Amino acid sequence: MFPERRLRRLRRTEPLRRLVAETRLSVDDLVAPLFVREGIDEPQPVASLPGVVQHTRASLRTEVAALRDLGVPAVILFGIPATRDPEGSESWNPDGIVQVALRDLRDEVGDEVVLMADLCVDEYTDHGHCGILDGHGSVDNDATLDLYQRAAVAQADAGADVCAPSGMMDGQVAAIRAALDGSGHADTAILAYSAKYASALYGPFRDAVDVQIVGGGDRRGYQQDPPNAREALEEIRTDIAEGADMVMVKPALAYLDVIARVRDDVDVPLAAYHVSGEYAMVEAAAANGWIDGDAVAMEHLLAIRRAGADFILTYLTRRAAEALNG
Ligand code: PBG
0 MFPERRLRRL RRTEPLRRLV AETRLSVDDL VAPLFVREGI DEPQPVASLP
50 GVVQHTRASL RTEVAALRDL GVPAVILFGI PATRDPEGSE SWNPDGIVQV
100 ALRDLRDEVG DEVVLMADLC VDEYTDHGHC GILDGHGSVD NDATLDLYQR
150 AAVAQADAGA DVCAPSGMMD GQVAAIRAAL DGSGHADTAI LAYSAKYASA
200 LYGPFRDAVD VQIVGGGDRR GYQQDPPNAR EALEEIRTDI AEGADMVMVK
250 PALAYLDVIA RVRDDVDVPL AAYHVSGEYA MVEAAAANGW IDGDAVAMEH
300 LLAIRRAGAD FILTYLTRRA AEALNG
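Position one of the sequence shown corresponds to residue 0 (numbering that gives the first Met the number 0), numbered consecutively onward.
Dropping the structure here:
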């Protein structure tokens, strides 16, 4: 007789539910991905990411100050350069868009916000791949590491707290760590996009950065294959051994099993990237009146935390922070 009401008893009131909640979502868990575009005077909306814009240098400053005021601990920057070339040289130009934006933001917010920089060359190459092409249209792993080292030093010189390599080249973390240490940047941390899958969910992001891969190509030659989870653990362990301070699984919701397995396996801080397509699907359904977008968004973020992520890179950051503060 006695056990039949046991599980419902603690669900009776809102404070009871709050008291026994196993997982919490806080503003401290959120990182805002932000786009900054060279040579524009007004922020440009991104059609497939409602509410997300390509910032001007000035509007980026305003946005990061607002995020600081909401208590958001970190942002991650993506640049859209005015010119592109085969090597993506704007990614290490000291006057490249992300480097000038990092200096602006350090000036604006000091140490009150963690400044992360996505470290890849796909936004900067004219062919749209994440590295330098060999003669056969494939990305040359070791030649690309050299480019990443230059970009890491440029980002750290400009004041990045964290470099976040997202190109999925083998050996990228070791190469970047060596470049940072060798240039007086031993304190610059590395957040490795360790288990980054070749996902169709990045579609809207490529609109946001105006990147098309040449010849309708894809990134399956370097990003991870979606069927594989054990391989993600190999990627994660390798990156930690190479010196990653924090690791990431990306995308998030279709890979919650991977997040949970990584959480069981390692003790370094674990990030998850709730990517552009995950955001866009909720926005589209909500715009049709088919779901309560804000409620679904919070449920999704909580699920990512429950799976084991310590923090989440998400385009929902500002809205979620406003809701959590409210
Ligand atoms: C590569 C990079 C991508 C994303 C973050 N870093 C795109 C890709 O790998 O094609 C995707 C993020 C998103 O979809 O929100 N620099």
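Glycine included, every Cβ here is placed at the ideal spot set by N, Cα and C. Just so it is clear, the structure is predicted and the values come from calculations on it, not from any experiment.
Among the options, the one whose alpha carbon lies nearest that of residue i
i	options	result
L323	P14, R4, E21 and D27	D27
L269	G307, D238 and A284	G307
V108	G95, D68 and L144	D68
R317	R11, P32 and R7	P32
F204	R10, E21, T237 and A46	A46
R219	G136, R10 and L232	G136
A116	I239, D84 and A150	A150
R60	R10, I96, T82 and D106	D106
A81	L66, D125, D133 and H184	D125
W91	Y314, L315 and T143	T143
L118	G166, A65 and E233	G166
L232	R102, A207 and K195	K195
R83	E321, I131 and R229	I131
F77	L15, D141 and L101	L101
V30	P14, S88, R36 and V161	V161
R262	D186, D309 and A207	D309
V51	L146, E3 and Y314	Y314
V265	G215, D145, P44 and D244	D244
L48	H184, N287, Y278 and D293	Y278
P225	I235, K249, R236 and D206	K249
P44	R8, A207 and Y123	A207
Sequence-distant residues of the same chain with beta carbon closer than 8 Å to residue i, five excluded per side
i	result
I303	A251, L252, L255, I258, A271, H273 and I311
L24	M297, L300, L301, R304, A319 and L323
D291	A285
A153	S90, W91, N92, P93, G95 and Q98
D217	A197
V267	I239, A243, D244, M245 and V246
P85	T124, D125, H126, I131 and L132
Residue i Cβ short of 7 Å to the ligand FAD heavy atom set
i	result
S165	This structure lacks the ligand FAD; its bound ligands are the ligand PBG.
Where the beta strand (DSSP E) containing residue i begins and where it ends
i	result
R36	L29 to R36
G78	A73 to I79
H135	Element bounds for H135: n/a, residue is neither H nor E.
I311	F310 to T313
A163	V161 to P164
A100	Note, A100: premise wrong, no beta strand (DSSP E); alpha helix (DSSP H) at I96 to V108.
A320	Premise fails: A320 lies in the alpha helix (DSSP H), T316 to N324, not in any beta strand (DSSP E).
Neighbourhood of residue i by C-beta, 6 Å cutoff - its chain only, sequence neighbours within 5 removed
i	result
S58	P42
R5	none
I39	T55
V295	V281
R36	Q53 and I79
H184	A155
Range covered by the alpha helix (DSSP H) that runs through residue i
i	result
S58	R56 to D68
I175	Q171 to G181
T124	Per DSSP, T124 belongs to no alpha helix (DSSP H) and is neither H nor E.
S275	S275 to A286
M297	G292 to A306
V257	L255 to D264
V45	It is not in any alpha helix (DSSP H) - V45 carries neither H nor E in the DSSP assignment.
I333	Only positions 0 to 325 of the chain appear in the structure, and residue 333 is not among them; the question remains open.
L118	Where L118 is concerned, there is no enclosing alpha helix (DSSP H), although the beta strand (DSSP E) it sits in stretches over V113 to L118.
L190	It is not in any alpha helix (DSSP H) - L190 instead sits in the beta strand (DSSP E) that spans A188 to K195.
A199	Neither: A199 is in no alpha helix (DSSP H) and is coded neither H nor E.
R17	E13 to L18
Same chain only: Cβ atoms within 7 Å of residue i, ignoring 5 sequence neighbours per side
i	result
D156	P93
G242	V172, A173, R176 and I189
D209	I79
E230	Q223
D133	D139
G215	none
Contact check, residue i vs residue j, beta carbons under 8 Å
i	j	result
I75	Q53	no
L114	A163	no
D139	C129	no
A178	Q148	yes
A197	G276	no
S182	V246	no
R10	R17	no
Y201	M168	no
G127	I212	yes
V112	L146	no
V71	L104	no
A228	R260	yes
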